[in-house]
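Q:
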Amino acid sequence: MKRKLGLFIFACLACLSLASCGQSDKLVILNWGDYISEDVVSAFEDEYGVKVKVVTTDSNEQMYTNVVNKIAEYDLVVPSDYMIHQMYENDLLIKLDYSKLTNYKDDIYVSELNDLMNSDDCKAYNGYYVPYFWGSLGIMYNKGLAGVEDAVLANGWDVLFDSSLLPEGAKVGMYNSSRDALAAAQLKYGYSLNTKDTKEIDACMDLLKNTDFYQWGTDDLKIKVSQGNLDVALVYSGDFFDAFYADLDAAPENVENYSIFAPTTNNVFFDGLVIPNTCTDVDMSHNFINFMLEHENSYTNAEFVGYCPTIQTVYDEIMNDEEGWGDIIAIDAYDPAKILNAEDANAMVYSYLGTDTYEYIENKFTSVINR
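Under the numbering used here, the first residue of the sequence shown is numbered 1017, with each subsequent residue one higher.
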């Protein structure tokens, strides 16, 4: 009885100690769908004795809404560059403590990405994230419908909006994300992806509203194209490779039926791991980031996710593994550095446009979707 009482008191003190140190037995991550390896998550859980709960959403704007409204006590979030900037400007992020990130070094990232991170568009929020994956926008298309591939390669972004450029009956999908759908129209018109000019924004939103898309979607667009149920769709480059990699395992004959084109006038983006002010365990969040920076974990994660890795050694291992990765790395859209290094490159990173422009875009896009 005395021993049981002693154990009970010890357990209570341990719980109090954990609470006072801001430690918990659960880590909540707000992420995109299919964007982290369950094997890596399980390995982290085993090593640190915590349960990781991954909550998914399908847009940066929804991530922002969830964090600003404190929908849950998120410990980590995985937004894109411009949304990291927006969260930073609105005091929603906790600055990283690099002394807790023993696997972090300034020179571990792919050089082109490193240049991007230190550009005028991105350097303001350095210190609040570590890069996760990077990529570009792309046009995923069905090679099974005669004439589609030629139309996409010849006309680029225009095919998303002009049905006369495509074979009769071709089905087009548009990404249901305000910034990305807007970007597709901006790329067609030759506008800056960071314009605050309301006339340009209005013109793009009118184009989106007046185009008869077969489907608005998110992660489902890649599946629809890979299955031949859509012929052309705006996707993130990694969406294509996620579908491609899955088919290499399950239905290798199907990978010949679709492809992706990433024009050199494009958006190049990176996603990052950030700690929001909803975090309940800052130390454990740093542990998770540090865990993801380990080479083996980063490589395993890249194998699952399909996006281009940001860490140079992981990138090199993939590029040197022609037997395992040859089918993927042969496709130019896999590596956003190829867009940045192209002779005719006009790659842009999204910038945070300020509250007024953000709200203007969101309101306009809502009217497009609800037309």
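Beta carbons are placed, not taken as given, at the ideal position from N, Cα and C, and that holds for glycine.
Can you tell which of Glu1061, Tyr1145, Thr1214, Asn1119 has the C-alpha that lies nearest to the C-alpha of Lys1380?
A: The residue with the shortest Cα to Cα distance from Lys1380 is Thr1214.
Q: Would you list, in sequence order, the uninterrupted beta strand (DSSP E) runs of no fewer than 3 residues that lie entirely inside the region 1063-1138?
A: With a minimum length of 3 residues, the continuous beta strand (DSSP E) runs that stay inside the region 1063-1138 are 1067-1073.
Q: Check each candidate in Tyr1144, Asp1122, Tyr1120 and name the one with the smallest Cα separation from Leu1109.
A: Of Tyr1144, Asp1122, Tyr1120, the residue nearest in Cα terms is Tyr1144.
Q: Please look up how many angstroms separate the CB atoms of Asn1119 and Leu1309, rounded, as I've assumed it's under 8 Å.
A: Contact flag correct, Cβ pair sits at about 4 Å.
Q: Kindly identify the DSSP beta-bridge partner or partners of Asn1158.
A: Note: Asn1158 sits in a beta bridge opposite Tyr1274.
Q: Among the residues of its own chain, which have a CB less than 6 Å from the CB of Lys1086, if the five just before and after it don't count?
A: Answer for Lys1086: Thr1294, listed in chain order.
Q: Within the continuous alpha helix (DSSP H) that includes Tyr1315, where are the two ends?
A: Element bounds for Tyr1315: 1311-1321.
Q: Thinking C-alpha only, which one of Glu1375, Val1365, Lys1042 is nearest Asp1097?
A: Ranking Glu1375, Val1365, Lys1042 by Cα distance to Asp1097 puts Val1365 first.
Q: So, using beta-carbon positions, are Leu1246 and Tyr1191 closer together than 8 Å?
A: For Leu1246 and Tyr1191, no; Cβs fall outside 8 Å.
Q: Could you tell me which of Ser1127, Asn1282, Lys1238 sits nearest to Ala1262, measuring between CA atoms?
A: Of the candidates Ser1127, Asn1282, Lys1238, the one whose C-alpha sits nearest the C-alpha of Ala1262 is Lys1238.
Q: Exposed or buried, what is Lys1042 when buried is set at 16 or more other beta-carbons lying within 10 Å of its beta-carbon?
A: Exposed, by the Cβ-count rule.
Q: Which class does Cys1295 belong to by DSSP, given the choice of helix, strand or coil?
A: Coil at Cys1295, not helix or strand.
Q: According to DSSP, what are the bridge partners of Gln1231?
A: Gln1231 is bridged to Gly1189.
Q: How many Å lie between Ile1377 and Gly1189 at the Cα?
A: When rounded, the distance between both Cα atoms is 20 Å.
Q: Quick test of the definition: if touching needs 3 or more C-beta pairs under 8 Å, does the region 1331-1338 touch the region 1062-1071?
A: Counting Cβ pairs under 8 Å, fewer than three are found: no touch.
Q: Looking at the structure shown, is Val1365 part of a helix, part of a strand, or coil, going by DSSP?
A: Val1365 falls in the coil class under three-state DSSP.
Q: Under 6 Å Cβ to Cβ from Leu1198, same chain only, skipping five residues before and after it: list those, please.
A: So the qualifying residues of the chain are Cys1220.
Q: Please go through the region 1166-1226 and give each complete alpha helix (DSSP H) segment of 4 or more residues, from N-terminal end onward.
A: The qualifying runs are 1194-1205, 1214-1226.
Q: Which value, in whole angstroms, describes the spacing of the CA atoms of Val1057 and Asp1123?
A: Each residue's alpha carbon lies about 26 Å from the other.
Q: With distance defined between alpha-carbon atoms, name the residue in Ser1040, Gly1049, Ile1045, Val1044 nearest to Val1321.
A: It is Gly1049 whose Cα lies nearest to the Cα of Val1321.
Q: Does DSSP put Ile1327 in a helix, a strand or coil?
A: The answer is strand: DSSP assigns Ile1327 an E or B state.
Q: Pull up the distance between the alpha-carbon of Glu1054 and that of Leu1264, whole angstroms please.
A: Glu1054 and Leu1264: Cα-Cα distance of roughly 19 Å.
Q: Starting from the C-beta of Tyr1125, find all residues in its chain whose C-beta is less than 8 Å away, skip the five residues before and the five after it, and write them out in chain order.
A: Answer for Tyr1125: Met1133, Pro1147, Thr1326, Ile1327, Gln1328, listed in chain order.
Q: Could you check whether Asp1255 and Asp1287 sit closer than 8 Å to each other, using their CB atoms as the reference points?
A: It is not a contact, given that the beta carbons lie outside the stated cut-off.
Q: With distances taken Cα to Cα, identify the nearest neighbour of Leu1112 among Ser1135, Ile1045, Tyr1141.
A: Nearest of Ser1135, Ile1045, Tyr1141 to Leu1112, Cα basis: Tyr1141.
Q: Among the candidates Asn1158, Gly1233, Phe1149, whose CA atom is the shortest distance from the CA of Val1284?
A: Of the listed residues, the one whose Cα sits closest to Val1284 is Phe1149.
Q: In the DSSP assignment, find the alpha helix (DSSP H) that holds Ile1377 and state where it starts and stops.
A: Here the alpha helix (DSSP H) through Ile1377 covers 1371-1385.
Q: Would you kindly report the start and end of the unbroken beta strand (DSSP E) that includes Asp1287?
A: Its beta strand (DSSP E) spans residues 1281-1289.
Q: In whole angstroms, what is the alpha-carbon distance linking Lys1240 and Lys1116?
A: If you take the alpha carbons of Lys1240 and Lys1116, they lie about 43 Å apart.
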